[in-house]
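Inspection log for the structure reproduced underneath, given as structure tokens.
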Amino acid sequence: MIRPADDSLFEISNGVGLLTLNRPDHGNSIRAEATPSLVRFFREAQLDSGVRCLVIRGARKHFCTGGDVQAFARALKQSREDVQRDCNERLQRAAELVEAVASFDRPIIASCRGVVAGAGLLFALAADWTLADETVQFMFSHTRVGLCVDGGVSYFLTRIVGPRVAKQLAMTGAVVAATEAQKLGLATSIFAAGELETQVEKLSTKLARSPQAAVSITKRLIDDHANLRRRLDAEREGIVACVGSDDFVEGVRAFTEKRQARFPSAADA
Numbered sequence: 063m064i065r066p067a068d069d070s071l072f073e074i075s076n077g078v079g080l081l082t083l084n085r086p087d088h089g090n091s092i093r094a095e096a097t098p099s100l101v102r103f104f105r106e107a108q109l110d111s112g113v114r115c116l117v118i119r120g121a122r123k124h125f126c127t128g129g130d131v132q133a134f135a136r137a138l139k140q141s142r143e144d145v146q147r148d149c150n151e152r153l154q155r156a157a158e159l160v161e162a163v164a165s166f167d168r169p170i171i172a173s174c175r176g177v178v179a180g181a182g183l184l185f186a187l188a189a190d191w192t193l194a195d196e197t198v199q200f201m202f203s204h205t206r207v208g209l210c211v212d213g214g215v216s217y218f219l220t221r222i223v224g225p226r227v228a229k230q231l232a233m234t235g236a237v238v239a240a241t242e243a244q245k246l247g248l249a250t251s252i253f254a255a256g257e258l259e260t261q262v263e264k265l266s267t268k269l270a271r272s273p274q275a276a277v278s279i280t281k282r283l284i285d286d287h288a289n290l291r292r293r294l295d296a297e298r299e300g301i302v303a304c305v306g307s308d309d310f311v312e313g314v315r316a317f318t319e320k321r322q323a324r325f326p327s328a329a330d331a
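Residue numbers for the sequence shown follow my numbering, beginning at 63 and rising by one.
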């Protein structure tokens, strides 16, 4: 029996597993303390041959708006050393989640509407298919609070769009809407709002009825995640460096005060 992750729902029917991120009043953001249960979920799903295809979606309006924003406010009350230590520990746990998602060897479909940001980018970028509706917005907002990308974004995003476009999106805090998302390959297909669930069901049913050994071996051959752990370690080191800076403090304050950040390192710009 696969246990649903914290703040999530899970059901399985005819070989299709449906994981619903279920914090709709908080944009389906993922709390740091929920990460271990998500890791457990993906590991259990990997061991269950009854899950022949996995669909990930968010409840109601958004797919996933990222991590818990309350953690930003708490960071302002800590010393920089404590923030760096906490981030280091949190990202070590997050790396386990990235690897658990990446090692799932059957098809993953991300069903996206509304905002896809922060931690939510992992699922959308690591999925084999990302089907979205016309409301979707991919938000690469890390630099807006003085952070580099994390959660495997530097790895998966570059594989999808190439290094030049990946830098353009991640370094400028880009927001990519539906049409451009499909053009760049962030979304496999875009559908009208009322058609998304039907299209996801059609594709997931087809994949669940496919020859399982052939599909899983093909996925492993194409993915080849040999360098993933090294990239995750580099992301963690980058985040730890960023949260020790004045730019991070200003970015968080600007975020909580809903204003434009004035980063100290760019004071002459």
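By construction, the Cβ of each residue, glycine as well, lies at the ideal position given by its N, Cα and C atoms.
In the structure shown, Thr-82 falls within a strand segment according to DSSP collapsed to helix, strand and coil. Under the three-state reduction of DSSP output, Leu-294 falls in the helix class. Residue burial is scored here from C-beta neighbours: Ala-135 has fewer than 16 other C-beta atoms within 10 angstroms and is therefore classed as exposed.
DSSP places Ala-194 in the strand class (E or B) of the three-state scheme. At the C-beta level, Ser-173 and Thr-127 stay beyond 7 Å of one another.
Closest option to Gln-199, judged by alpha-carbon separation, among Leu-209, Arg-226, Leu-246 and Val-311: Leu-246. Annotation for Ala-181: the continuous alpha helix (DSSP H) segment containing it runs 181 to 188. The DSSP-derived three-state label of Glu-73 is strand. Beta-bridge partners assigned by DSSP to Arg-119: Thr-82 and Ser-173. It is roughly 21 Å from the alpha-carbon of Asp-308 to the alpha-carbon of Phe-202. In this structure Asp-69 is buried. Its beta-carbon is surrounded by 16 or more other beta-carbon atoms within 10 angstroms.
Taking 7 Å as the cut-off, the Cβ atoms of Gly-176 and Thr-205 do not count as close. For a cut-off of 8 Å, the C-beta gap from Arg-152 to Pro-98 is around 11 Å, too long to register as a contact. If you draw a straight line from the Cα of Arg-298 to the Cα of Asn-289, it comes to about 15 Å. Looking at the backbone, the Cα of Ala-157 and that of Gly-306 are separated by about 20 Å. Phe-218 and Phe-125 have their C-alpha atoms spaced approximately 18 Å apart.
Here Asp-110 has Ile-64 as same chain residues with Cβ atoms under 7 Å from its own Cβ, once five neighbours each way along the sequence are excluded. Counting only the Cα atoms, Val-262 lies some 12 Å from Ala-255.
By the Cβ rule, the stretch 225 to 236 does not count as touching the stretch 268 to 277, because fewer than three pairs are nearer than 8 Å. As computed with DSSP, Ser-251 is found in a beta bridge with Leu-193.
Assignment of Gln-199 by DSSP, reduced to helix, strand and coil, places it in the strand class.
In the three-state reduction of the DSSP assignment, Val-211 falls in the coil class, being assigned neither a helical nor a strand state. Ala-249 and Gly-313 have their C-alpha atoms some 29 Å from each other. If you draw a straight line from the Cα of Val-113 to the Cα of Gly-300, it comes to about 36 Å.
Per DSSP, reduced to three states, the secondary structure at Ala-243 is helical. Annotation for Phe-103: the continuous alpha helix (DSSP H) segment containing it runs 97 to 109. Judged by DSSP in its simplified three-state form, Ile-92 adopts strand. Here the alpha carbon of Phe-103 sits roughly 18 Å from the alpha carbon of Asp-190.
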